[in-house]
Each structure stands twice: as C-alpha cells, then as structure tokens.
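Visitor:
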Amino acid sequence: MMHHHSAWINVWESFRFSFGANFSTLLMNLGPENSATLLLFVLVESKILLHSLRPAVLTGVAEAVAAMIFPFQWQCPYIPLCPLSLATVLNAPLPFIVGVDSRYFDLYDPPQDVVCIDLDTNMVYISDDKKNMNWKQLPKKPCKNLLSTLKKLHPQLALVHRKAQEGSAVEMTPIEADFSWQKKMTQFEMEIQEAFLRFMASVLKGYRTFLTPITQAPSNKATASDSLFDLQGFLKSRDRAYTKFYTVLTKTQIFSRFIEECSFVSDKDTGLAFFDDCVEKLFPEKGSEKGEKAEVDSAEDTRLIELDESQKSEHTVFIMPPEPPPDDGQDRLPKY
C-alpha cells in the first residue's frame with residue numbers, strides 16, 4: 001500500500017515539474033476570487049490574455065493556468081511569453097492563453113472579446129457582454145471549498161513573502177534561510193495545487209459511469225465525445241442550478257479530448273489513473289450509479305498530494321571530481 005501511495009506522489013511530481021507551474025505566484029498576484037474567476041474562463045475556453053512587466057511572474061502564472069484544469073489539457077494556442085512583434089495572434093478566431101509584456105497596451109488595443117488579466121494590479125478586464133462572468137458561475141459547493149482553501153492560504157503566503165523581504169531570518173545563515181524558504185514555498189505550492197485538484201475531482205465525480213462502450217470500429221463519429229459519452233445522463237446527475245455551466249463545459253475541446261483519452265489507449269493513462277484515484281479518495285462510495293445526484297462534499301482531512309519524504313533532506317552532498325590521469329600513462333586504482 002505504501003509503495004502504491006508513493007507511486008502516485010511521483011506521478012503527480014512529474015506532472016507538476018513538467019508544467020513548470022507556479023501556483024503560489026498565481027495566488028499572490030491575483031488573490032482567491034480572481035484566481036477562481038480565471039479558472040472559470042479557462043474551463044469555458046475563453047480568449048485569455050495575461051500581462052505583466054515581470055517575465056518570471058508571467059511565465060510561472062501562465063503555466064499554472066494551463067495546469068489548474070488537470071486532468072483536462074488545454075487544446076488551443078498557448079504562448080506563455082509572446083513577443084510583442086507577434087502579438088497579432090490575439091486576433092485569432094479561437095480560444096487561447098497568451099502572456100505578453102504589459103507594454104503591449106502602449107502599442108495596441110486588445111480585441112473586445114479578450115479577457116485581460118493584469119498580474120501587476122490584480123485586475124480582470126472583460127467586455128460588457130461578459131461582465132457577469134465570475135467565480136459565482138462555478139458549481140457552488142466545489143467553488144466554496146476551493147475559495148475557502150485559497151482564502152486561508154493567501155494571507156499565510158503574503159506573510160511569508162513579507163518576512164522574506166524584511167529579512168526576518170537574520171539568525172539563520174543564507175543557506176539555512178534559503179532551505180527554509182524553499183520548504184515553505186513547496187508546501188504552499190502543493191496545497192494550492194491540491195485545492196484545484198479537489199475542485200476538478202468534485203466537478204467530474206462519477207464521470208466514468210457515463211462513458212459509452214465502444215461497439216464498432218472507430219470512425220470520425222465514433223471518436224466524437226457525443227458518441228463516447230452519455231452527455232444527458234451526466235448533465236442530469238449534476239446540480240440543476242449549474243446546468244448552463246456543465247453544458248458549456250461539455251462542448252469544449254478540452255472536455256472532448258478528455259473523453260477520447262478515457263475511451264482509447266492514451267499516453268495520458270497514468271495521469272487519468274492518478275485522477276481517478278483522487279476521486280475515489282474523496283468520494284469512495286457515493287455517486288457510483290448512473291443518474292445518482294453527485295454530491296460534492298469532500299472530506300477535508302483527505303490528502304491527495306503529499307511531499308515525497310526522500311526529497312526533503314536539507315543536507316548537501318559534495319562529490320569530488322575524478323582524479324586526473326597520471327602523467328606516465330598508466331591506469332591506477334581509484335582511492336577512496
């Protein structure tokens with residue numbers, strides 16, 4: 001059992017580092033509610049423009065935005081740091097996630113249908129036809145749990161940043177202070193990721209019971225999500241107050257691709273198995289039958305991600321370089 005648990009930790013670690021996401025920077029620069037609003041825009045496949053004067057912030061947040069919808073994978077154009085000379089991509093007639101330097105606005109006016117996220121001022125700019133779109137359109141219970149966690153972590157994260165800036169760890173050596181900082185930030189990163197993972201598990205809970213068995217050779221139609229998934233059954237099993245959200249979600253490319261990967265052999269099978277394991281941990285019994293209303297109350301004390309203890313050592317191991325070859329050309333036995 002312990003080996004199985006460690007395997008899932010390593011699976012999640014590989015996903016996390018492959019994305020290069022920085023969830024702590026996302027929360028610090030946008031706050032809990034704007035982070036949840038951004039999640040909504042990603043899930044419904046909006047045109048999203050992230051901008052900042054700080055390239056490191058921009059890329060870290062862009063990667064987090066792409067990673068926050070796991071197990072979904074963004075299917076449309078994604079440019080975490082777009083050169084201003086290529087900013088005409090923002091006129092593309094399809095969803096995208098693009099990060100640009102804020103000086104873009106000195107040169108251009110963004111298209112009206114683009115959602116602009118200012119990471120330096122914590123502001124979200126949207127067109128009038130989308131002005132009512134915010135985190136309140138997300139399913140109530142999963143969103144409530146997500147915001148509760150983010151609101152708890154946000155002031156703690158701000159305090160750690162403030163202490164680091166004030167140099168409060170003067171009693172520590174620079175190396176000790178750096179280890180302490182990295183340890184705290186890794187913990188924050190893990191808890192924020194887990195909050196988004198819980199949300200996605202709650203929203204998609206029981207999805208596998210609505211997968212339709214494949215009874216014929218794959219064709220163009222057979223690979224479409226409407227022939228692989230009992231869409232109406234899934235919608236009926238969700239909270240009726242949020243039927244509009246789920247209807248829009250199930251029409252996105254990220255959802256269609258997700259259903260295809262669940263139905264056929266995929267290189268994402270390990271990630272899907274990890275996600276299914278998370279759903280099972282949160283909802284071990286309920287909602288296993290088709291048509292049963294999906295409850296989204298999750299056990300608060302159930303951890304989905306834990307630190308790999310083998311990576312927590314604060315000791316530095318110094319390995320000597322190999323000894324240079326002797327001048328006489330003869331091989332000598334190594335000395336230890």
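The sequence shown: position 288 = 288 (full-length UniProt numbering), numbered continuously.
Even glycine gets a Cβ: it sits at the ideal position worked out from N, Cα and C.
Quick caveat, the model's predicted, so the values are computed rather than measured.
1. Quick check: residue 75 and residue 257, are their CB atoms within less than 7 Å of each other?
2. Is residue 65 buried or exposed, if buried means 16 or more other CB atoms sit within 10 Å of its CB?
3. Could you tell me which residues DSSP puts in a beta bridge with residue 123?
4. Tell me, which residues are paired with residue 96 by DSSP?
5. What does the Cβ neighbour count give for residue 122, buried or exposed, with the cut at 16 atoms within 10 Å?
6. Can you tell me whether residue 40 is buried or exposed, with buried defined as 16 or more other CB within 10 angstroms of its CB?
7. Output the distance between the C-alpha atoms of residue 192 and residue 242, rounded to the nearest integer angstrom.
8. Would you check if the distance between the CB atom of residue 189 and the CB atom of residue 52 is smaller than 7 Å?
9. Starting from residue 104, follow the alpha helix (DSSP H) in both directions and report where the run begins and ends.
10. DSSP state of residue 72, grouped into three classes?
11. From this set, 26, 89 and 94, which residue's C-alpha is nearest residue 104's C-alpha?
12. Under 7 Å Cβ to Cβ from residue 46, same chain only, skipping five residues before and after it: list those, please.
13. Beta carbon of residue 43, beta carbon of residue 35: below 7 Å?
14. By how many angstroms is the C-alpha of residue 110 removed from the C-alpha of residue 127?
15. At the level of alpha carbons, what is the spacing between residue 274 and residue 201?
Guide: Let's see:
1. Within the sequence shown, numbered from 1, the residue matching residue 75 stands at position 75. Within the sequence shown, numbered from 1, the residue matching residue 257 stands at position 257. Yes.
2. Translated into positions along the sequence shown, residue 65 becomes position 65. Buried is the call here.
3. The residue you call residue 123 lines up with position 123 of the sequence shown. 118, per the DSSP bridge assignment.
4. On the sequence shown, position 96 is the one that residue 96 refers to. DSSP lists 47 as partners of residue 96.
5. Walking along the sequence shown from the start, residue 122 turns up at place 122. By the 10 Å Cβ count, residue 122 comes out exposed.
6. The count along the sequence shown starts at 1 and reaches residue 40 at position 40. Result: buried.
7. As a position in the sequence shown, residue 192 is number 192, starting the count at 1. As a position in the sequence shown, residue 242 is number 242, starting the count at 1. Roughly 24 Å between the two C-alpha positions.
8. Looking up residue 189 in the sequence shown gives position 189. Looking up residue 52 in the sequence shown gives position 52. No, the pair does not count as a contact, with Cβ atoms beyond the cut-off.
9. Locating residue 104 in the sequence shown gives position 104, counting from the first residue. Run containing residue 104: 104–107, per the alpha helix (DSSP H) assignment.
10. Translated into the one-based positions of the sequence shown, residue 72 becomes position 72. Looking at residue 72 - three-state DSSP - the assignment turns out to be coil, as it is neither helix nor strand.
11. As a working note, residue 104 is residue 104 in the sequence shown. Ranking 26, 89 and 94 by Cα distance to residue 104 puts 89 first.
12. Walking along the sequence shown from the start, residue 46 turns up at place 46. Shown here for residue 46: same chain residues with a beta carbon closer than 7 Å to its own, the five before and five after excluded, namely 95 and 115 in chain order.
13. Here residue 43 refers to the residue found at position 43 when the sequence shown is read from its first residue. Here residue 35 refers to the residue found at position 35 when the sequence shown is read from its first residue. No, the Cβ-Cβ distance between residue 43 and residue 35 is not below 7 Å.
14. Along the sequence shown, one-based indexing puts residue 127 at 127. Along the sequence shown, one-based indexing puts residue 110 at 110. Roughly 11 Å between the two C-alpha positions.
15. Position 274 of the sequence shown, counted from the start, is the residue given in the question as residue 274. Position 201 of the sequence shown, counted from the start, is the residue given in the question as residue 201. Cα to Cα, residue 274 sits roughly 11 Å from residue 201.
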